[in-house]
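Just below is one structure, and these are the notes that go with it.
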Amino acid sequence: ADWAYLCKEMATDLEAGADAALAGLDRVRRAVFAAGNARAWMVGSTASTEVLRGELTTLVAGLDQAAPARPRYGDAATIDDRVRGRVPGATPRFVGLVNPSTSSGVFVNSAPGASFADDTDDALLDYLAGNLYTGHGGHSIFMKTWAAGLAYSNGLRPSVSLGRIRYYAERCPELPQTLSFVIGELRRAEVDPALADYAIAEAFSSRVAASYERRAQGIADDLADGVAPDTVRRFRDHLLRLRGRDGLGAELFRRMEGVYGKVLPGYGPASASVADAVYFVIGPDAQLDAWARYLATAEGDDGVLYRLYPRDFWVTAAVK
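Residue 44 is where the sequence shown starts when you use the working numbering, and the numbers rise one by one after that.
Printed below as a string of structure tokens:
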């Protein structure tokens, strides 16, 4: 069926003719080259920027000034529907993309977390709890997993820019082995009040070591994305106020399981209770078989793994 579809799609494209193809490309070009889609930033000496300002203004003025049409996406869960085409009634929560060209596995899990817009103690304490074992400290999940040879790039990563907490690990020799190691390290962790300061420090990232160009781009992107300096300042001031709370370290460790458990199946809350979570792994069938067995044990009846294939991500069209 896939080969038949591809052949029909190619035949349909060829029958359209060059004029229709070029007109379609022009529609895409005009949709992209619109002032509303553009971002521009400039860094340099006062003299240089004054010389270039006119040329930049002319360049932007040459773009379509009309407000670009906002894309409208349907509510249909296309990939879920394709899974249900193979498994009627499926409700995919845990999915694994089959990649037969590798022997290792990859985790790409995420769940809702704190963002710069949050201003409650509860949200910010959860965020700090998520910082206890993030980063590159000797105690961090990244360093311990890497040292054990159970993943290369990896770690627990709260992001206030995205408003999500993520667990990522690649080149895992066996998916359940890597995750079980991570969960074991967290369960064995003893309350260490000093890590409260580590968690606070992780929240204060800075661009000071970056080049002028990167710093300018970061500032421009923040402003365009609505991350205003006052918003960041308010968020960080709140964190500093929490730093003075008695028993902060113990409070963060108390929250840790609930925060990290959202992205580590088998640790903390049941995954079925975590709204808007993503549990996505990649690997060959042998890796996915092992992961399916782990989920059946850790999550019970809710721990069903559904396999995805590259064809599930195709953007298809009606063909003759």
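Each residue gets a CB set at the ideal place from its N, CA and C atoms; glycine is no exception.
Cβ separation of residue i and residue j, assumed to be a contact under 8 Å, to the nearest whole Å
| i | j | result |
| --- | --- | --- |
| A74 | P111 | 7 Å |
| L218 | W334 | 4 Å |
| V141 | P135 | With 8 Å as the limit, V141 and P135 do not qualify as a contact, their Cβ atoms being about 14 Å apart. |
| A157 | G206 | 7 Å |
| A54 | V149 | With 8 Å as the limit, A54 and V149 do not qualify as a contact, their Cβ atoms being about 36 Å apart. |
| A47 | A77 | Not really, about 38 Å apart at Cβ, beyond 8 Å. |
| D162 | R277 | 7 Å |
| V302 | I243 | Not really, about 16 Å apart at Cβ, beyond 8 Å. |
| A259 | V94 | That belief does not hold up - the Cβ atoms of A259 and V94 are roughly 17 Å apart, past 8 Å. |
| L282 | L167 | 6 Å |
Collapsed DSSP secondary structure at residue i in the structure displayed
| i | result |
| --- | --- |
| F159 | coil |
| E213 | strand |
| Y349 | strand |
| A44 | coil |
| P236 | coil |
| A335 | helix |
| A361 | coil |
| G227 | helix |
| G60 | coil |
Rounded C-alpha distance that separates residue i from residue j
| i | j | result |
| --- | --- | --- |
| P216 | W189 | 12 Å |
| G269 | L285 | 25 Å |
| D169 | N152 | 18 Å |
| Y349 | N80 | 37 Å |
| L266 | V362 | 44 Å |
| V324 | G178 | 22 Å |
| A232 | D107 | 57 Å |
| S91 | L99 | 12 Å |
| E58 | A360 | 15 Å |
| L155 | S196 | Per the sequence shown, residue 155 should be read as Pro rather than Leu. So the two alpha carbons sit approximately 22 Å from each other. |
| Y322 | Y352 | 16 Å |
| Y241 | L171 | 9 Å |
| F185 | L175 | 12 Å |
| A191 | P312 | 26 Å |
| A66 | D56 | 13 Å |
Beta-carbon proximity check, residue i vs residue j, cutoff 8 Å
| i | j | result |
| --- | --- | --- |
| S316 | E342 | no |
| F296 | V225 | no |
| L199 | G173 | yes |
| R288 | A246 | no |
| F137 | G346 | yes |
| Y210 | V71 | no |
| S144 | R214 | no |
| L229 | M299 | yes |
Threshold first: 3 residues or longer. Then list the beta strand (DSSP E) segments lying entirely within the stretch 71 to 153, N to C. 137 to 141
What are the complete alpha helix (DSSP H) segments, minimum 4 residues, inside the stretch 159 to 211? 164 to 173, 184 to 190
With a floor of 4 residues, list each alpha helix (DSSP H) that falls wholly inside the stretch 242 to 328, ordered by position along the chain. 255 to 267, 272 to 286, 291 to 303
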